[in-house]
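Novice:
Protein chains: 2
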Amino acid sequence: VIRVRIEAFTVDNVPRVKDGDDITDFLQNADLRDGDVVVIASTIVSKAEGLTQSLETFSPSERARTIAERLHEDPRFIEAVLGETIETLIEKPFFLVVSKFGQVCVNAGLDRSNVAEGFVLLLPHDPSENARQLRDRIKDRFGKNVAVIITDTCGRSFREGQTGVGIGFAGIAAMKDWRGVKDLEGKALEITNEGVGDEIAGLANLMMGEAAGGTPIVIVRGISYEDRDSPVFRSEETDIIRRAIRDANRQSKA
Amino acid sequence: VIRVRIEAFTVDNVPRVKDGDDITDFLQNADLRDGDVVVIASTIVSKAEGLTQSLETFSPSERARTIAERLHEDPRFIEAVLGETIETLIEKPFFLVVSKFGQVCVNAGLDRSNVAEGFVLLLPHDPSENARQLRDRIKDRFGKNVAVIITDTCGRSFREGQTGVGIGFAGIAAMKDWRGVKDLEGKALEITNEGVGDEIAGLANLMMGEAAGGTPIVIVRGISYEDRDSPVFRSEETDIIRRAIRDANRQSKA
Numbered sequence: 003v004i005r006v007r008i009e010a011f012t013v014d015n016v017p018r019v020k021d022g023d024d025i026t027d028f029l030q031n032a033d034l035r036d037g038d039v040v041v042i043a044s045t046i047v048s049k050a051e052g053l054t055q056s057l058e059t060f061s062p063s064e065r066a067r068t069i070a071e072r073l074h075e076d077p078r079f080i081e082a083v084l085g086e087t088i089e090t091l092i093e094k095p096f097f098l099v100v101s102k103f104g105q106v107c108v109n110a111g112l113d114r115s116n117v118a119e120g121f122v123l124l125l126p127h128d129p130s131e132n133a134r135q136l137r138d139r140i141k142d143r144f145g146k147n148v149a150v151i152i153t154d155t156c157g158r159s160f161r162e163g164q165t166g167v168g169i170g171f172a173g174i175a176a177m178k179d180w181r182g183v184k185d186l187e188g189k190a191l192e193i194t195n196e197g198v199g200d201e202i203a204g205l206a207n208l209m210m211g212e213a214a215g216g217t218p219i220v221i222v223r224g225i226s227y228e229d230r231d232s233p234v235f236r237s238e239e240t241d242i243i244r245r246a247i248r249d250a251n252r253q254s255k256a
Numbered sequence: 003v004i005r006v007r008i009e010a011f012t013v014d015n016v017p018r019v020k021d022g023d024d025i026t027d028f029l030q031n032a033d034l035r036d037g038d039v040v041v042i043a044s045t046i047v048s049k050a051e052g053l054t055q056s057l058e059t060f061s062p063s064e065r066a067r068t069i070a071e072r073l074h075e076d077p078r079f080i081e082a083v084l085g086e087t088i089e090t091l092i093e094k095p096f097f098l099v100v101s102k103f104g105q106v107c108v109n110a111g112l113d114r115s116n117v118a119e120g121f122v123l124l125l126p127h128d129p130s131e132n133a134r135q136l137r138d139r140i141k142d143r144f145g146k147n148v149a150v151i152i153t154d155t156c157g158r159s160f161r162e163g164q165t166g167v168g169i170g171f172a173g174i175a176a177m178k179d180w181r182g183v184k185d186l187e188g189k190a191l192e193i194t195n196e197g198v199g200d201e202i203a204g205l206a207n208l209m210m211g212e213a214a215g216g217t218p219i220v221i222v223r224g225i226s227y228e229d230r231d232s233p234v235f236r237s238e239e240t241d242i243i244r245r246a247i248r249d250a251n252r253q254s255k256a
């Protein structure tokens, strides 16, 4: 007896995405079903939105030059990162910031991979809005009720390596709420809030690959999920690690 | 054309695990294949190892009492956590420590869910050694070459919720090394080290569930992976966030 079985597959033959492309075009042969989770790399959302930008267009500020020098980085790239940033947490040995839509990520998640030399790919400004639009368009076009997760690849504290995470969600709650559910012994669970959206994003990221030959769309089938809004980024008030980093910064400036 | 397809399924009818149980007994009907990744919740590894311990056996130190009082926690539970801890990072509003095997986790990952009231479940002391033993025993008993990941559920910085992560690995590298691989434009990738072990652990955790009715073993099939040792926990030297928290602690004590 198998109670839970999921399958996941890549959507292949996705061409190089360019400004103005309709991402749902790539799903025409995907044989979508109701309940599928369509996981889409933010890179192609950005490319379809025309967010590939030449580094030439960024005039580095004094601050960008200072940070770039310490990191042996291109000051125009750091200027691009600053443009997406609402708070700087760590400037060295990597540039960790809070992005405008609330993600804490090195370089605000900006990437120079998979775009031409001398270009940078900005992140979507409101990835959940992109997810909602894509979800609606899938419904209109193919008549299927799916969830959409837009992913990024990001490092983490305390653990090596980067993993796929969700930055935009539509039709699926990023968190599963376990409050009120009982454990084997009838007691309340200690785990109350599970980041299921990121658990799905991580699997999809693994299947996508990062390189040439990778594929930017993965369909996950067989997962039961809830459809409600649930924030994935900690608020300033509840983010204790962010506060600790700020305190450490104040100390080093004192 | 689908290039990557994975499937994952829960192993069902796993009974309540008790001290001395052989976990491979539960895999007899799992129809394992070479290359499968067998993902096992650390809870059942701990139970099979007899690591369910009565809180009565812990005599709280002065320090445990102080921390417990601030957190409105049972001082015996905090004493149990301290026994698994090599460094305390945050004492309030949650107790974040570095465990003896290197994981940074609230309460060292100790759990009172799914054990009887008044008991705590300790984590395995060397989860990768457990993973190796289970992998060898699966090979001996069923003749299959599989990888084994032992998981825990842990919160993360900056993002809400807890997710499944790997704490023990055998036959699979926790990290995929992308160095030297080229992107779409023939440039070196910016992502160099992907935490694939945790991406698999996250998916499995999602399928396991946390509660009564959950299942502690998931088989993941169709993933290509490398078999080598690769650390999942950042070393003290490279853990910049840990250092920032230490600096903040020094400041608050000064």
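From first to last, the protein sequence lines are chains A and B. Using our numbering, you'd call the opening residue of the first sequence number 3 and step up by one each time. Using our numbering, you'd call the opening residue of the second sequence number 3 and step up by one each time. Where is the CB? At the ideal position from N, CA and C, for every residue including glycine.
Can you grab the Cα-Cα spacing for the pair Ile152/A / Ser130/A, in whole Å?
Specialist: Ile152/A and Ser130/A have their C-alpha atoms roughly 8 Å apart.
Novice: Roughly how many angstroms lie between the CA atoms of Glu196/B and Ala133/A, to the nearest whole one?
Specialist: 24 Å
Novice: The beta strand (DSSP E) with Asp154/A in it runs from where to where?
Specialist: Unbroken beta strand (DSSP E) run through Asp154/A: 149-157.
Novice: By the 10 Å Cβ neighbour count, where 16 or more other Cβ atoms means buried, how is Phe97/A classified, buried or exposed?
Specialist: buried
Novice: Taking only three categories from DSSP, how would you classify Ser254/B?
Specialist: helix
Novice: Should the stretch 210-221 of chain A be regarded as contacting the stretch 174-185 of chain B, the criterion being three or more beta carbon pairs within less than 8 Å?
Specialist: yes
Novice: Buried or exposed for Pro218/A, please, with buried defined as at least 16 other CB atoms from any protein chain shown within 10 angstroms of its CB.
Specialist: buried
Novice: Taking only three categories from DSSP, how would you classify Ser56/A?
Specialist: Ser56/A carries a strand assignment under DSSP once its states are collapsed to helix, strand and coil.
Novice: Helix, strand or coil: which one does DSSP assign to Gly216/B?
Specialist: coil
Novice: Could you please tell me which residues of the stretch 197-216 of chain A, in chain order, have their CB closer than 9 Å to any CB of chain B?
Specialist: Gly197, Val198, Gly199, Asp200, Glu201, Ile202, Ala203, Gly204, Leu205, Ala206, Asn207, Leu208, Met209, Met210, Gly211, Glu212, Ala213, Ala214, Gly215, Gly216
Novice: Against chain A, which members of the stretch 137-166 of chain B pass a CB distance test of less than 8 Å?
Specialist: Of all residues in the stretch 137-166 of chain B, Thr155, Arg158, Ser159, Phe160, Arg161, Glu162, Gly163, Gln164, Thr165, Gly166 have a Cβ within less than 8 Å of some Cβ in chain A.
Novice: Classify Val83/A as helix, strand or coil using the three-state DSSP reduction.
Specialist: helix
Novice: Run through chain B and tell me which residues come within less than 8 Å of Phe60/A, C-beta to C-beta.
Specialist: None at all; the shortest Cβ gap to chain B is about 18 Å.
Novice: Quick one, which residues of the stretch 224-235 of chain B are near chain A if we go by CB-CB under 8 Å, in chain order?
Specialist: Ile225, Ser232, Pro233, Val234, Phe235
Novice: List the DSSP bridge partners of Gly170/A.
Specialist: Ile152/A
Novice: From Ala246/A to Lys255/B, what does the alpha carbon distance come to, in whole angstroms?
Specialist: 13 Å
Novice: Along the chain, where does the beta strand (DSSP E) containing Ser101/B start, and where does it finish?
Specialist: 98-101
Novice: For Val6/B, which residues of its own chain have a beta-carbon under 8 Å away from its beta-carbon, when the five flanking residues on both sides are left out?
Specialist: Gly224
Novice: How close, in whole Å, do the beta carbons of Val220/B and Met209/B come, if the pair is a contact with beta carbons under 8 Å?
Specialist: 5 Å
Novice: Roughly how many whole angstroms lie between the Cα atoms of Val40/A and Val122/A?
Specialist: 25 Å
Novice: Looking at C-beta atoms only, is the number of pairs between the stretch 69-84 of chain A and the stretch 153-163 of chain B that lie closer than 8 Å three or more?
Specialist: no
Novice: If you draw a straight line from the C-alpha of Phe28/A to the C-alpha of Val13/A, how long is it?
Specialist: 8 Å
Novice: Going by Cα to Cα distance, which pick from Ile174/A, Gly166/A, Ser237/A, Ala176/A is closest to Gly111/A?
Specialist: Gly166/A
Novice: Given this structure, state the Cα-to-Cα distance separating Phe103/A from Thr45/A, to the nearest angstrom.
Specialist: Distance between the alpha carbons of Phe103/A and Thr45/A is about 16 Å.
Novice: Compile a chain-ordered list of the residues in the stretch 101-127 of chain A whose CB is closer than 8 Å to at least one CB of chain B.
Specialist: Gln105, Val106, Asp113, Arg114, Ser115, Asn116, Val117, Ala118, Glu119
Novice: Are the CB atoms of Val100/B and Val108/B nearer to each other than 7 Å?
Specialist: No, Cβ-Cβ distance for Val100/B and Val108/B is not below 7 Å.
Novice: With a CB to CB cut of under 7 Å and the five nearest residues on each side skipped, what residues in its chain are close to Ala43/A?
Specialist: Thr153, Met210, Pro218
Novice: Would you mind listing the alpha helix (DSSP H) stretches within the stretch 8-36 of chain B that are 4+ residues and don't spill past its ends, in chain order?
Specialist: none
Novice: Excluding the five sequence neighbours on either side, which residues of its own chain have a C-beta within less than 6 Å of the C-beta of Glu89/A, listed in chain order?
Specialist: Val100
Novice: Run through the DSSP bridge pairs and tell me what Gln164/B is partnered with.
Specialist: Glu196/A, Gly157/B
Novice: Could you please give me the residues that DSSP links to Glu89/A through a beta bridge?
Specialist: Val100/A
Novice: Just to confirm, is the Cβ distance from Ser232/A to Ala175/A under 7 Å?
Specialist: Inclusion of Ser232/A and Ala175/A in the CB contact set at 7 Å is warranted, their separation being smaller than that value.
Novice: Using a C-beta cutoff of 7 Å, does Asn132/A count as contacting chain B?
Specialist: no
Novice: Could you check whether Gly173/A and Asp229/A sit closer than 7 Å to each other, using their CB atoms as the reference points?
Specialist: Yes. Within cutoff.
Novice: Could you tell me whether the Cβ of Ala246/A comes closer than 7 Å to any Cβ of chain B?
Specialist: yes
Novice: How about Lys49/B: is its C-beta nearer than 7 Å to some C-beta of chain A?
Specialist: Not closer than 7 Å to any Cβ of chain A, the Cβ of Lys49/B fails to qualify, so no.
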